Amino acid sequence: MQKGVNRAAHKLGRDRFELAITALACAVAVYMLVSISYLYIAVGENWSLVWAALFESRVLGAIAISVSSAFIVGALAVAAAIPCAYLLTYRDFRGKGTLETFLIDLPQTLPPVTEGLVYLLMLGPWGLAYTYAAVIIAKFYVSAPFAISFASRRFREIRETGLDVIARSLGAKTSHLLGRILLPLSSRDLLAGFSLTWARAMGELAATLVFAGAIPWRTEVIPTLVYFTAAETPQVAIAASVIAETLSIIALLSFRRIGRER
Amino acid sequence: MMKELRIQNVTVRYGEVKALDGVELVVNPGELMVVMGPSGCGKTTLLLAVLGALTIDEGHIWINGEDIDTLPLEERNIGYVPQDFGLFPHLNVYENIAFGLRVRKHVEERIRERIKELLLTVGLKELEKRRPKELSAGQKQRVALARALAIDPSVLLLDEPLSNIDEATKAEVRANLKEIQRESKVTTLCVTHNPEDSFQLGERIAIMYAGKIIQCDTPQRILENPKNDLVKRLIAPMYILWNKRS
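If you read the protein sequences in the order shown, they are chains A and B. The working numbering puts the first residue of the first sequence at 2, with every later residue one more than the last. The working numbering puts the first residue of the second sequence at 1015, with every later residue one more than the last.
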């Protein structure tokens, strides 16, 4: 509740409609929380089995490939987001809306499996299929829109304040505007974009599977490992899932905290 | 060197609407000219047109005989202080003032000297390490002025410089502003909707209405000989103050 608002007037329970929407929000929150935490409940008394599975070479390989590729994708996405956000914020041209759809909306809505196939057909003949690079390429397409969207939104907010006009009036060229104004004022948003990109890249399955395959210690990531082991060796699948989920939660919370502190 | 600003038949259209309609105005070298008019009359559009932040549809803008219409914003060498002062929130007072000098690649020693000079002029010597959020509105305005003056601008543009200043300190801030402008001798175009501010600040006042300048003269002559009833109405509060004083 905002400072200065009369709390008594908004006491929960007096307004039935407000009570109903609060209950609905709580139900959604419980659903999300159970969905996230049930994995830990499912492990139950089998912690020792899962713990042992964690140190299997194949699981360690999948963790290494997943985490490292997600970091590379996050960094590449932020690097790509900066020029894209600048273009979308400061240049007016025909087809700008369509370009934005192609950069941000479509990659998030198209079936990733289709994109994996596209890359297989397009880049396979170049020898890129089933390589570590293929993992990066497949994950980047699906995950980068988070970084682009965060950076674009922030650049537009800065434009609204008119700080860019002031910087230009003082003689700033585009490089100064980016380096001294836009990037420092967007650091939190770029970090948020990086963290969501990282988390999305960690969970990417279909495009990676089709284009990069699942070769242990080369292209096998946690989601593909879970997919292939769920039926036959569920303790391995559960161990990989636990580590993926835990890493994602820790990473997202840490990035958010760092973002707040900056 | 003091420079002349000449605005010649400038028209700016927003779709079908003419925000500026053949504006003619000459600001003499070193003069403080105030453009006064009601909200929406085109004052800020005029400032942005001179600044180069928007493109003019017709006419020309000259600084000391040089046509600057086609020059990009960053090459016009115009100091600009917006209504909200527009300080860079991530930079302290010193770095805000240094911004223009740094992007122009001045040497560090020269930057330090210039900022020292400016901090003394605007009376903020002790506050150079403070961030904008730790400053009062009056202090923010002085930082914004120092930052704009740091680049030795050909022309200084002030957008409603007193609208964010509380009434208690307004007279002092206004006097400061006038003093800084006089000391720096920079040709200044200031816009405001407030008749009292414009009559207190301006050496000459241009009364603007519906995108046109309808009278331009010294405060005294406008009071004595308003061109028409519209001008009389727009400066009405000044008659009340004038009568009170006399």
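For glycine and all other residues, C-beta sits at the position ideal for the given N, C-alpha and C. On a predicted model such as this, the values are computed, not experimentally measured, just so you know.
Check: Where the beta strand (DSSP E) containing K1226(B) begins and where it ends; Outcome: 1226-1231
Check: Proximity to L1170(B) [Cα-Cα], best of R1027(B), E1193(B), K1241(B), L1061(B); Outcome: L1061(B)
Check: Inter-residue spacing [alpha-carbon to alpha-carbon] between A148(A) and V1157(B); Outcome: 35 Å
Check: Option in Y91(A), A202(A), V211(A) with minimal Cα separation from S69(A); Outcome: A202(A)
Check: Pairwise C-alpha distance: A26(A) and M2(A); Outcome: Annotation note: pLDDT 43 at M2(A) (below 50); position unreliable, no value reported.
Check: Assumed close pair I1111(B), A1151(B) - CB separation to whole angstroms, cut-off 8 Å; Outcome: In fact, because the Cβ distance is near 17 Å, the residues do not count as touching under 8 Å.
Check: Residue from R154(A), L129(A), W127(A), V114(A) whose Cα sits closest to the Cα of I105(A); Outcome: R154(A)
Check: Span separating the alpha-carbon of R1218(B) from that of M1047(B); Outcome: 5 Å
Check: Rounded distance between the beta-carbons of I239(A) and A43(A), thought under 8 Å; Outcome: 7 Å
Check: 8 Å contact criterion, which A208(A) and A130(A) should meet: CB distance rounded; Outcome: Rounded, the Cβ-Cβ distance is 12 Å, inconsistent with contact.
Check: Test: I182(A) CB closer than 8 Å to a CB of chain B; Outcome: yes
Check: Beta-carbon spacing of L1039(B), A1063(B) below 8 Å; Outcome: no
Check: Spatial distance of I1077(B) from M1252(B) (CA atoms); Outcome: 32 Å
Check: Proximity test, T110(A) beta-carbon vs the ligand FAD heavy atom, cut-off 7 Å; Outcome: Questions concerning the ligand FAD fall outside what the structure shown contains, since it holds no ligand whatsoever.
Check: For G1100(B), the nearest candidate out of C1055(B), P1175(B), L1215(B) (CA to CA); Outcome: P1175(B)
Check: Interface flag, G163(A) vs chain B, CB-CB below 8 Å; Outcome: yes
Check: Anticipated Cβ contact below 8 Å, V222(A) with V119(A), distance rounded; Outcome: About 19 Å; that fails the 8 Å criterion.
Check: Interface partners of H1104(B) on chain A, CB under 8 Å; Outcome: P185, L186
Check: Beta-carbon gap between G1044(B) and K1199(B) smaller than 8 Å; Outcome: yes
Check: Contacting positions in the region 132-152 of chain A - beta carbon closer than 9 Å to chain B; Outcome: none
Check: 8 Å Cβ cutoff met for L1133(B) and A1160(B); Outcome: yes
Check: Reference P217(A), options D16(A), Y133(A), E158(A), closest by Cα; Outcome: Y133(A)
Check: N47(A) - containing beta strand (DSSP E), residue span; Outcome: No beta strand (DSSP E) contains N47(A), which DSSP labels as neither H nor E.
Check: Candidates L1138(B), P1146(B), A1220(B), K1192(B): closest to L1237(B) by CA position; Outcome: A1220(B)
Check: V1031(B) burial status per 10 Å Cβ neighbour count (16 or more: buried); Outcome: exposed
Check: Environment of Y1028(B) [buried if 16+ CB atoms lie within 10 Å]; Outcome: exposed
Check: CB contact below 8 Å: A21(A) versus chain B; Outcome: no
Check: According to DSSP, residues forming a beta bridge with W1076(B); Outcome: R1020(B), D1081(B)
Check: Residue from P1233(B), P1146(B), V1107(B), D1166(B) whose Cα sits closest to the Cα of V1049(B); Outcome: P1233(B)
Check: Expected contact under 8 Å - CB spacing of K1057(B) and T1201(B) to nearest Å; Outcome: 17 Å between Cβ atoms; not a contact.
Check: Residue from V114(A), V237(A), Y91(A) whose Cα sits closest to the Cα of E161(A); Outcome: Y91(A)
Check: Cβ neighbours of K1154(B) in the same chain (closer than 7 Å, five flanking residues each side left out); Outcome: F1099, L1101, P1146
Check: Limits of the unbroken beta strand (DSSP E) element including Y1223(B); Outcome: 1218-1223
Check: When K174(A), L210(A), R258(A), S242(A) are compared against E1088(B), the one with the closest alpha-carbon; Outcome: K174(A)
Check: Cutoff 7 Å; reference T1183(B); Cβ partners in own chain excluding five residues on either side; Outcome: G1152
Check: Under 8 Å by beta carbon: chain B residues contacting I105(A); Outcome: Near I105(A) there are no residues of chain B at all, since even the closest Cβ is about 26 Å away, more than 8 Å.
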